[in-house]
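Data first, discussion second: the structure below is written as structure tokens.
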Amino acid sequence: MLDWHQLVEERLRGLTLEPEEKAEVVAELSAHLEDICDAMPRRGVTDEEAVEQALSQVGSWQDLQNGVLATKRRGHFMRNRIRQLWFPGLFTLFLSTTLLIVLQSSGFRPIVIGNGADTVLFYWQWLVLLPLLGAFGAYISLRAGGSTVSVLLVSAFPAAALATAFLLMLPIGVAVELAMQQHSDFGEVGVALLRDGLGWIVIPAIALLAGGMLTQLLTRGEALGYKLRE
């Protein structure tokens with residue numbers, strides 16, 4: 000009786016995957032081919048023909064290896080993106096938003112600079128704490144193996160998300176007005192918030208990035224010191 004597991008393992012010996020992943024691929028493919036082969040004799044096919052037909056399902060083993068590698072790499076890329084960018088970025092956004100809500104509900108008032116249309120609000124307590132949140136998000140991304148770009152994107156994620164939300168308010172406001180055929184202040188709110196971008200986007204982004212960059216510098220310094228000690 001043909002040992003399908005051994006046959007598949009030999010044919011896929013050039014598959015450059017982690018041992019556990021490679022063993023999983025070999026087990027699944029060998030079981031699939033064995034099922035095909037076992038079903039053939041019931042149709043009046045000889046054992047030799049059954050093996051040939053089962054192997055014909057594979058086609059080129061090299062093409063199969065390339066396909067498996069491409070699929071695995073895409074899966075790794077998506078998992079890394081979630082671990083290194085989206086999870087820490089959204090978590091940093093959640094923390095920064097929660098912190099602002101807590102400060103506002105606790106009675107902290109912003110510093111008001113200017114008057115009328117040129118008024119800018121600064122929640123200085125929030126701005127002071129933002130570098131810590133940026134550093135924390137950057138640390139999570141670094142621990143997950145994030146690149147320099149990913150780490151900086153994570154640290155500035157709250158400001159980037161806020162800017163995106165403000166930018167979307169205008170087209171959404173126009174769409175709402177067209178659909179409801181009446182005036183909506185939604186787009187005007189977005190324009191007003193963008194006008195106040197200095198206090199809501201620019202300065203918070205600088206504060207968040209400062210924390211992220213500091214985390215990155217400290218982590219690199221520790222790694223360099225460890226290598227020098229070795």
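Numbering follows numbering that gives the first Met the number 0, in which position 3 of the sequence shown is assigned residue number 2; successive positions increment by one, without gaps. Virtual Cβ for every residue (Gly too), placed ideally from N, Cα, C. Since this is a predicted model, take the numbers as computed values, not measurements.
- The shortest CA-to-CA distance from tyrosine 138 to any of Ile200, Pro87, Glu51, Leu32 is the one to Pro87.
- Proximity to alanine 204 across Asp46, Phe121, Ala159, Gly144 peaks at Ala159, based on C-alpha coordinates.
- Taking each of Ser95, Arg73, Tyr122 in turn and checking the Cα distance to alanine 155, the smallest one comes out for Ser95.
- For the set Arg73, Trp125, Phe76, Glu8, the Cα lying nearest the Cα of threonine 97 is the one of Trp125.
- Beta-bridge partners of isoleucine 110 (DSSP): Phe121.
- The segment 51 to 60 makes no contact with the segment 75 to 83; the number of CB pairs closer than 8 Å stays below 3.
- Burial is judged here by how many other beta carbons sit within 10 angstroms of a residue's own beta carbon; phenylalanine 107 has fewer than 16 and is exposed.
- In the structure shown, arginine 73 falls within a helical segment according to DSSP collapsed to helix, strand and coil.
- Here threonine 214 is buried: its Cβ has 16 or more other Cβ atoms, across all protein chains shown, within 10 Å.
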